[in-house]
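Written out below as structure tokens is the structure these notes cover.
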Amino acid sequence: MDRLAHVRRWVIWTGVVLLVIGAKLWLVDYAGSSVPRWDQIDAEGEVILRPWLNGELHAANFWQSHNEHRIVFTKLEALGLVMLNGQWDAYVQVFVNAVLHALLLPVLLAWIHRRVRGWPFAIVAVVTTALWLLPLAWENTVQGFQSQFYILIWLSFFHLRGVLSAERFNTAWWVGQLCGLLALGAMASGLLSSLAVLIITAAEIARSRTVNRLRIATIGLSLVWVVLGWLTRTPYPGHEPLHVKTLGEAFDGIAQVLTWPLQGALPYSLLAALPLAALAVVWFRQPERDGFQRSLLGLGVWFGLIAAALVYARYHGALLAPRYVDQFAIGLLLQGAALALLPMPKSLRIACFAGWVASLGFALQADVQHITSHTLPRQRQLIAKQEANTRAFLADPRPELLRDKGKFDLVYPHGEALWLRWQDPAIRDLLPGAVRPPVAIPTVPDAQTAHLPTPPYPVIATSPTGIQREPWIWQSERQPADTLPILRFRFSGQLGDPRAALTMRVVSDAWAVDVRPDGSAPNRWKTINVIRPPGEWWIELSDRDSAASVALTAPVEMGWFSWATEKAIKYHAWWIGIGGALLLAGLLGGQPARPRVTPPAA
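Using numbering that gives the first Met the number 0, read the sequence shown as starting at 0 and increasing by one per residue.
Rendered as structure tokens:
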């Protein structure tokens with residue numbers, strides 16, 4: 000029975016993870032782009048990728064600040080994915096980030112489930128899962144550069160849990176301290192988990208009036224991490240106008256963050272922030288607290304410090320921007336857990352949960368409606384315009400194609416600066432298939448395309464459209480062996496129709512790949528992806544059918560990971576369907592069977 004319950008839990012958690020990944024991939028499919036944008040151009044392209052391409056990359060490049068932050072792991076992720084993929088593709092990054100964030104959900108819920116059970120846990124789990132599924136933090140989902148938010152939460156959670164739950168020097172304590180050190184390379188707020196450990200440990204010492212080696216070591220290392228984080232901070236003068244100016248602004252900002260998404264109902268919504276504070280008072284009135292209690296309170300202190308740091312740095316900016324919502328979700332998870340753990344009559348607990356869920360549902364419904372009806376459609380339009388302008392520039396890299404564009408017409412806010420950054424052909428050659436020029440295969444001078452829609456790329460071959468007296472065979476020139484492994488063609492015509500005598504092959508000296516599309520494309524352009532053979536390669540087309548024809552464009556190169564993530568994004572509905580089915584099977588699989596009723600004897 001225990002084994003069956005264990006399997007059932009894994010089925011549920013797997014379903015939750017796949018469901019969240021599918022929801023994120025749907026959002027990426029709707030409003031995302033594979034083209035690196037804005038902060039990526041500098042923090043990844045200029046600081047990491049260009050030095051790497053030129054053989055000048057050093058460890059200091061990863062530690063170099065980006066505005067106020069040192070985003071070491073975001074840069075490492077970017078370089079690692081480019082090295083594996085051969086392309087600088089934001090789609091690959093957002094997929095990795097989606098997995099990273101989705102895996103965090105069952106980790107947090109399983110940890111809460113250690114102490115919260117029954118229907119209160121079900122409510123907390125449903126609310127938290129909804130926060131992961133809804134497009135509230137859409138910026139982090141569709142932009143590949145935002146991994147630092149997920150990395151910060153992962154490292155901070157394991158730091159707080161490992162250190163504060165330890166009763167002795169054990170592996171969890173040492174791993175937690177390592178996470179505290181590594182958090183300094185996630186974001187500027189990485190030192191706040193160490194500060195939270197200091198506050199909770201100091202409170203424990205004050206309450207129990209006992210000091211031991213473990214507590215001394217905890218305070219000592221936490222102080223080291225805090226001092227190291229403080230000394231390596233990088234104030235950014237350009238953001239000083241965003242800072243909080245008065246004590247009144249500070250209190251207002253803290254109230255907005257702690258009560259998200261109910262900040263529009265201040266001061267009533269402050270009630271939503273009270274459960275965790277009340278739980279801290281109740282627990283610290285007890286003579287002792289166990290590891291779970293200390294780590295939960297530590298996570299609560301960490302979230303409060305995150306809120307304070309955010310208010311200080313962004314009160315006059317985008318204080319409640321979508322990029323911060325993934326951190327706000329941690330606060331809601333803690334408040335829900337506190338409601339479940341506070342000692343109170345059952346009727347009062349039911350009333351509190353009902354009010355909490357109803358108010359959250361009302362506020363989140365309004366936010367989601369605005370995001371889906373206004374924000375995301377506008378984002379989709381901007382992405383289409385930016386990709387079109389990037390394609391035009393890469394096809395003809397003249398500076399005037401960028402200089403006169405508006406701030407939101409390009410993937411970087413300043414066209415002149417973008418031109419300076421993209422003068423290097425090596426950087427341009429890293430860009431993804433959505434915008435890069437096709438492989439330079441000579442085009443057919445007399446291509447018969449007048450009867451076709453405007454081709455997306457140069458047409459390299461067209462078979463005869465009239466009556467043929469002999470078979471038509473065409474072969475391209477040899478192409479270099481260092482071409483990326485996936486070739487994306489567009490074709491029009493009857494290629495793929497089993498009744499037509501049309502064939503296409505991508506050939507090398509090693510072997511040939513027969514290209515068989517899953518259907519023809521008369522009077523339109525259809526995309527096919529081909530895994531090219533190794534070595535130098537070329538294309539062969541043949542037409543032995545006087546009633547059929549084919550036109551082919553020059554292919555665009557793609558890396559393995561670019562191709563795989565585009566497929567994953569395209570089939571997001573499968574992720575959602577499989578995840579939902581597993582979740583439903585896991586939830587229903589543990590329901591006890593109804594007792595069989597034996598009718599009375601006649």
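Even for Gly, the Cβ is constructed at its ideal location relative to N, Cα and C.
All figures in this text were calculated on a predicted structure; none of them were measured in a lab.
> Going by the beta-carbon positions, is the gap between residue 652 and residue 500 smaller than 8 Å?
Replying inline: No information on residue 652 is available, as it lies outside the stretch 0 to 601 that the chain covers here.
> From residue 439 to residue 230, what does the alpha carbon distance come to, in whole angstroms?
Replying inline: Position 440 of the sequence shown, counting from 1, holds the residue named residue 439. Position 231 of the sequence shown, counting from 1, holds the residue named residue 230. Roughly 51 Å between the two C-alpha positions.
> Beta carbon of residue 527, beta carbon of residue 490: below 8 Å?
Replying inline: As a working mapping, residue 527 is identified with position 528 in the sequence shown. As a working mapping, residue 490 is identified with position 491 in the sequence shown. In this structure, residue 490 lies closer than 8 Å to residue 527 by Cβ.
>> I'd like the span of the alpha helix (DSSP H) that includes residue 506, first residue to last.
In response: Counted from its first residue, the sequence shown places residue 506 at position 507. Segment 501-507 is the beta strand (DSSP E) holding residue 506; no alpha helix (DSSP H) there.
> So, is residue 54 buried or exposed, given that buried needs 16 or more other C-beta atoms within 10 angstroms?
Replying inline: The residue labelled residue 54 in the question sits at position 55 within the sequence shown. It counts as exposed.
> According to DSSP, what are the bridge partners of residue 528?
Replying inline: Reading the sequence shown from its first residue, position 529 is the one you call residue 528. DSSP, once it has assigned bridges, lists 487 as partnering residue 528.
> Using a Cβ-Cβ cut-off of 7 Å (strictly less than) and excluding sequence neighbours within five positions of residue 63, which residues of its own chain qualify?
Replying inline: Taking the first residue of the sequence shown as 1, we reach residue 63 at position 64. Correct list, in chain order: 46.
> What is the rounded straight-line gap between the Cα of residue 314 and the Cα of residue 235?
Replying inline: By one-based count along the sequence shown, residue 314 stands at place 315. By one-based count along the sequence shown, residue 235 stands at place 236. Those two C-alpha atoms are separated by around 15 Å.
>> Within 10 Å of its beta-carbon, does residue 364 have 16 or more other beta-carbons around it, so buried, or fewer, so exposed?
In response: As a first step, residue 364 must be located in the sequence shown, where it is residue number 365. Residue 364 should be labelled exposed.
>> Looking at residue 413: is its Cβ nearer than 8 Å to the Cβ of residue 25?
In response: Within the sequence shown, residue 413 is the residue found at index 414, counting from 1. Within the sequence shown, residue 25 is the residue found at index 26, counting from 1. Result no, Cβ atoms of residue 413 and residue 25 do not sit closer than 8 Å.
>> If we require 4 or more residues per run, which alpha helix (DSSP H) segments fall completely within the segment 324-364?
In response: With a minimum length of 4 residues, the continuous alpha helix (DSSP H) runs that stay inside the segment 324-364 are 324-340.
> How is the beta strand (DSSP E) around residue 552 delimited, first residue to last?
Replying inline: Position 553 of the sequence shown, counted from the first residue, corresponds to residue 552. Per DSSP, the continuous beta strand (DSSP E) segment holding residue 552 begins and ends at 549-552.
>> Let me confirm a value: residue 355 is counted as buried when at least 16 other C-beta atoms fall within 10 Å, else exposed. Which label applies?
In response: By 1-based counting over the sequence shown, the position of residue 355 is 356. Residue 355 should be labelled buried.
> Run through DSSP, which three-state label would residue 601 get?
Replying inline: If you number the sequence shown from 1, residue 601 lands on position 602. Low confidence applies to residue 601: its pLDDT is 48, below 50, so where it sits in the model is not reliable, and the reading given next is rough at best. Collapsing the DSSP output to three states places residue 601 in coil.
>> Which of the three DSSP states is assigned to residue 231 in this structure?
In response: As a position in the sequence shown, residue 231 is number 232, starting the count at 1. Of the three classes helix, strand and coil, the one that applies to residue 231 here is coil, per DSSP.
>> Let me check understanding here. Comparing Cα to Cα, which of 196, 88 and 523 lies closest to residue 493?
In response: Here residue 493 refers to the residue found at position 494 when the sequence shown is read from its first residue. Of the candidates 196, 88 and 523, 523 places its Cα closest to the Cα of residue 493.
> Leaving out five residues before and five after residue 241 in sequence, what residues of the same chain have Cβ atoms less than 6 Å from its Cβ?
Replying inline: In the sequence shown, the residue the question calls residue 241 occupies position 242. If we look at residue 241 and ignore the five residues flanking it on each side, its Cβ neighbours are 313, 315 and 316.
> Is residue 278 buried or exposed, if buried means 16 or more other CB atoms sit within 10 Å of its CB?
Replying inline: The sequence position of residue 278 within the sequence shown is 279, counting from 1. By the neighbour-count criterion, in which a residue is buried when 16 or more other Cβ atoms sit within 10 angstroms of its Cβ, residue 278 is buried.
> Nearest to residue 237 by CA position, among 262, 246, 101 and 67, is which residue?
Replying inline: Residue mapping note: residue 237 aligns to position 238 of the sequence shown, counting from 1. Among 262, 246, 101 and 67, the Cα nearest to that of residue 237 is on 67.
> For residue 349, is the classification buried or exposed, using 16 other Cβ atoms within 10 angstroms of its Cβ as the cut-off for buried?
Replying inline: Along the sequence shown, read from residue 1 onward, the residue named residue 349 stands at position 350. Exposed, because fewer than 16 other Cβ atoms sit within 10 Å of the Cβ of residue 349.
> To the nearest angstrom, how far is it from the Cα of residue 407 to the Cα of residue 401?
Replying inline: Mapped onto the sequence shown, residue 407 falls at position 408. Mapped onto the sequence shown, residue 401 falls at position 402. C-alpha separation (whole angstroms): 12 Å.
> Where are the alpha helix (DSSP H) runs, 4 residues long or more, that stay fully inside the segment 379-415, in chain order?
Replying inline: Scanning the segment 379-415 from its first residue to its last, the whole alpha helix (DSSP H) runs of 4-plus residues come out as 399-402.
> Taking the continuous alpha helix (DSSP H) assigned at residue 539, which residues delimit it?
Replying inline: Indexing the sequence shown from 1 puts residue 539 at position 540. Run containing residue 539: none in the alpha helix (DSSP H); it sits in the beta strand (DSSP E), 536-542.
> So what's residue 28 in DSSP terms, helix, strand or just coil?
Replying inline: Within the sequence shown, numbered from 1, the residue matching residue 28 stands at position 29. DSSP places residue 28 within a helical segment (H, G or I) once states are collapsed to three.
>> Please classify residue 266 as buried or exposed, where buried requires at least 16 other C-beta atoms within 10 Å of its C-beta.
In response: In the sequence shown, residue 266 corresponds to position 267, counting from 1. Residue 266 should be labelled exposed.
> What residues match up with residue 557 in a beta bridge as DSSP calls it?
Replying inline: Position 558 of the sequence shown, counted from the first residue, corresponds to residue 557. DSSP output for residue 557 lists 485 as bridge partner(s).
> Among the residues of its own chain, which have a CB less than 8 Å from the CB of residue 141, if the five just before and after it don't count?
Replying inline: Reading the sequence shown from its first residue, position 142 is the one you call residue 141. Apart from sequence neighbours up to five positions away, the residues of its chain that approach residue 141 with a beta-carbon distance below 8 Å are 26, 27, 30, 31, 32, 93 and 378, ordered along the chain.
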